[in-house]
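Structure first, then comments.
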Amino acid sequence: MGGVGSFSEQAANYYCLKEKIKNYQIEYLITAENVLKGLKNKKIDKGIFPIENSNGGIVLEAVYAMAKYNFKIENMFEIDISHCLLKRKDVKIGDIKKIASHQQALRQCRMYLKRKWQNVDLEEYKDTAEAARDLSTGKLDKNTGVIANKICATLYDLEIVEEGVQDLKFNFTTFVVAKN
Numbered sequence: 001m002g003g004v005g006s007f008s009e010q011a012a013n014y015y016c017l018k019e020k021i022k023n024y025q026i027e028y029l030i031t032a033e034n035v036l037k038g039l040k041n042k043k044i045d046k047g048i049f050p051i052e053n054s055n056g057g058i059v060l061e062a063v064y065a066m067a068k069y070n071f072k073i074e075n076m077f078e079i080d081i082s083h084c085l086l087k088r089k090d091v092k093i094g095d096i097k098k099i100a101s102h103q104q105a106l107r108q109c110r111m112y113l114k115r116k117w118q119n120v121d122l123e124e125y126k127d128t129a130e131a132a133r134d135l136s137t138g139k140l141d142k143n144t145g146v147i148a149n150k151i152c153a154t155l156y157d158l159e160i161v162e163e164g165v166q167d168l169k170f171n172f173t174t175f176v177v178a179k180n
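Pasting the structure below:
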């Protein structure tokens with residue numbers, strides 16, 4: 001689940017390192033539904049996706065997908081999630097009119113957004129990293145900010161407005177490792 005620069009990618013790399021899995025390849029399937037469909041169709045051997053966050057709660061999209069597919073849970077683990085607000089380098093902070101991110105990221109940063117960005121529109125996006133990529137490539141209006149992983153600033157040539165914008169200092173997400 002998630003694209004290049006997503007927290008799911010971070011979780012997959014963490015898990016493979018921890019379990020000493022070598023020569024793995026990440027397929028960026030973006031949603032839990034696509035991950036579980038990939039398992040069912042034998043296009044992937046294992047799938048990793050988030051199911052709950054200590055602040056944002058249950059990842060509903062994952063729960064709905066889990067109800068539709070037969071699979072086994074091989075493992076579960078947590079990683080700490082730290083969000084950044086990113087913008088295009090050619091845009092002034094005061095010109096940000098909208099902030100886009102995954103529903104969970106918006107929920108995990110809701111107090112920050114209410115405190116510092118109460119006058120901007122919020123847009124739910126299917127993935128934090130895709131929001132960053134789409135801002136960089138012009139698919140999102142240039143006056144949009146995105147909440148995403150810090151690595152997205154480097155990957156997509158964006159500027160960090162602020163780091164650690166999640167409401168809880170310790171912001172853990174539980175990931176499932178699924179298999180057939």
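So for the sequence shown, full-length UniProt numbering puts the first residue at 1; every next one is plus one. C-beta atoms are modelled at their ideal positions from N, C-alpha and C, and glycine is treated no differently.
Taking the CB atoms as reference points, tell me whether residue i and residue j lie closer together than 9 Å.
i, j, result
"residue 179", "residue 17", "no"
"residue 108", "residue 168", "yes"
"residue 35", "residue 67", "no"
"residue 91", "residue 143", "yes"
"residue 98", "residue 120", "yes"
"residue 69", "residue 37", "yes"
"residue 82", "residue 162", "no"
Among the options, which residue has its Cα nearest to the Cα of residue i?
i, options, result
"residue 96", "145, 66, 150 and 28", "145"
"residue 101", "94, 93 and 122", "122"
"residue 174", "78, 126 and 58", "78"
"residue 50", "163, 20 and 63", "63"
"residue 32", "21, 119, 58 and 148", "58"
"residue 94", "60, 118, 154 and 61", "118"
"residue 76", "148, 162 and 12", "12"
Label residue i either buried or exposed according to how many other C-beta atoms from any shown protein chain fall within 10 Å of its C-beta, with 16 as the threshold for buried.
i, result
"residue 124", "exposed"
"residue 165", "buried"
"residue 183", "Given that the chain is displayed from residue 1 to residue 180, the structure contains no residue 183 and the question cannot be resolved."
"residue 115", "exposed"
"residue 53", "buried"
"residue 48", "buried"
"residue 10", "buried"
"residue 46", "buried"
Within a Cβ cutoff of 7 Å, which residues of the same chain sit near residue i, ignoring the five residues on either side of it in sequence?
i, result
"residue 217", "No statement about residue 217 is possible, as the shown extent of the chain runs from 1 to 180 and does not include it."
"residue 24", "16"
"residue 3", "28, 30, 127, 129, 130 and 133"
Ordered along the chain, which non-local residues of its own chain (more than five positions away) have a Cβ less than 8 Å from that of residue i?
i, result
"residue 152", "5, 84, 86, 128, 129, 132, 133, 146 and 158"
Pop quiz: residue i and residue j are said to be a contact at Cβ under 8 Å. What is the actual Cβ separation, rounded to whole angstroms?
i, j, result
"residue 156", "residue 136", "4 Å"
"residue 30", "residue 126", "6 Å"
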